[in-house]
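Undergrad: There's a structure below that I have some questions on.
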Amino acid sequence: MPLYQGLILGIVQGLTEFLPISSSGHLILVPYIVGWREPTVAFIVAVHLGTTLSVLWVFRQRIVELVRSLFGLGNPADRRLLGLIATATVPAAVVGAVLSHQVDRMFERPVVISLFLGVTAWFLFSAESHFEERDEAHTRDERMMRAADAGIIGAAQAIAILPGVSRSGSTIGAGMFRGFGREAAARFSFLMAIPIILGAAAVKIPDMVHQGSSGSGGAMALGVIASAVTGVLAIKAMLGVVAKRGFRPFAAYCTLAMVAGIVTGLARG
């Protein structure tokens, strides 16, 4: 992979991981549409690791508080939140372990990924409509989350293992369906991404080492750095934009991206 491609795809990952428009889908569709060679699964996992660094940086103070709670320090509610994050992680971890090979093969089918972007668009529209119909006085925040809520949000994250289905869109949308405000659902979504992405990266370490030794290490490293930097900007933008404008603009974008991917696929036969 050329260095410039690693840089551009790293930027794509950083911008799309935290916006509800499916980063994995874009990492396949962008090269497909412009005619580049598609990135390997190892590269995709590596740049996801870069955006995990973004979460660790933006929420570093909150993460320190959560870690301190493991040792009985700070707010006891933080230890409970860690338990909820663990609960939300289980479904995706199980699905990823059982279906990893089948999902990896789906990265080779851009038109199918485009259709899954349509699923993301539908889910975002539905979540936003449900949120707008609800009485604002009954909106919950993270302190009111229960294990059942975390389990349902975790199930949404498991579905998002499919390329083209947005992880952040699915989990934030699921949180909104459960009665949480946009910002509260987004904060929980970003925090619960950390263990699942780190786990996926750990599984793919041999592949990443192999790709680095085969001469693509520079592009991969550049992609990780680019995704980490742009990811910080995307998180801050996401928290601001979603609070003010909701999900409809992102749903419309996913619909357009779906059409672009399908049209490209049909044009190429």
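The sequence shown begins at -11 in the working numbering and counts up one residue at a time.
The beta carbon of each residue, even a glycine, is placed where N, CA and C say it ideally should be.
Please go through the same chain and pick out, in chain order, the residues whose beta-carbon is closer than 8 Å to the beta-carbon of A74, but skip the five residues on each side of it.
TA: Residue numbering aside, residue 74 sits at position 86 when the sequence shown is read from its first letter. P183.
Undergrad: A216 to A207, Cα distance in whole Å?
TA: To locate residue 216, count along the sequence shown from 1; it is residue 228. To locate residue 207, count along the sequence shown from 1; it is residue 219. One C-alpha to the other measures close to 14 Å.
Undergrad: Let's test the definition: count the other Cβ atoms within 10 Å of the Cβ of M(-11) and tell me whether it reaches 16, buried, or not, exposed.
TA: Taking the first residue of the sequence shown as 1, we reach residue -11 at position 1. So M(-11) ends up on the buried side.
Undergrad: Would you list the residues sitting across from F235 in a DSSP beta bridge?
TA: As a working note, residue 235 is residue 247 in the sequence shown. None, per the DSSP bridge assignment.
Undergrad: Near R236, which residues of its chain fall below 8 Å by C-beta distance, leaving aside the five closest residues on each side in sequence?
TA: As a working mapping, residue 236 is identified with position 248 in the sequence shown. These residues qualify, in order along the chain: L112, F113, E116.
Undergrad: For a test of the three-state rule: what should DSSP assign to F168, helix, strand or coil?
TA: To locate residue 168, count along the sequence shown from 1; it is residue 180. Reduced to three states, the DSSP call for F168 is strand.
Undergrad: Taking 8 Å as the cut-off, decide whether the C-beta atoms of T108 and S177 are in contact.
TA: By 1-based counting over the sequence shown, the position of residue 108 is 120. By 1-based counting over the sequence shown, the position of residue 177 is 189. For T108 and S177, no; Cβs fall outside 8 Å.
Undergrad: By alpha-carbon positions, which one of E171, V191, T77 ends up nearest to A136?
TA: What you label residue 136 is simply residue 148 of the sequence shown in a count that begins at 1. When each option's Cα is compared against that of A136, the closest is T77.
Undergrad: Just to confirm, are L70 and S57 a CB contact at a threshold of 8 Å?
TA: Walking along the sequence shown from the start, residue 70 turns up at place 82. Walking along the sequence shown from the start, residue 57 turns up at place 69. Cβ distance < 8 Å, so L70 and S57 count as in contact.
Undergrad: For I21 and D66, I'd like the C-alpha separation in whole angstroms.
TA: Your numbering for residue 21 matches position 33 in the sequence shown. Your numbering for residue 66 matches position 78 in the sequence shown. Each residue's alpha carbon lies about 44 Å from the other.
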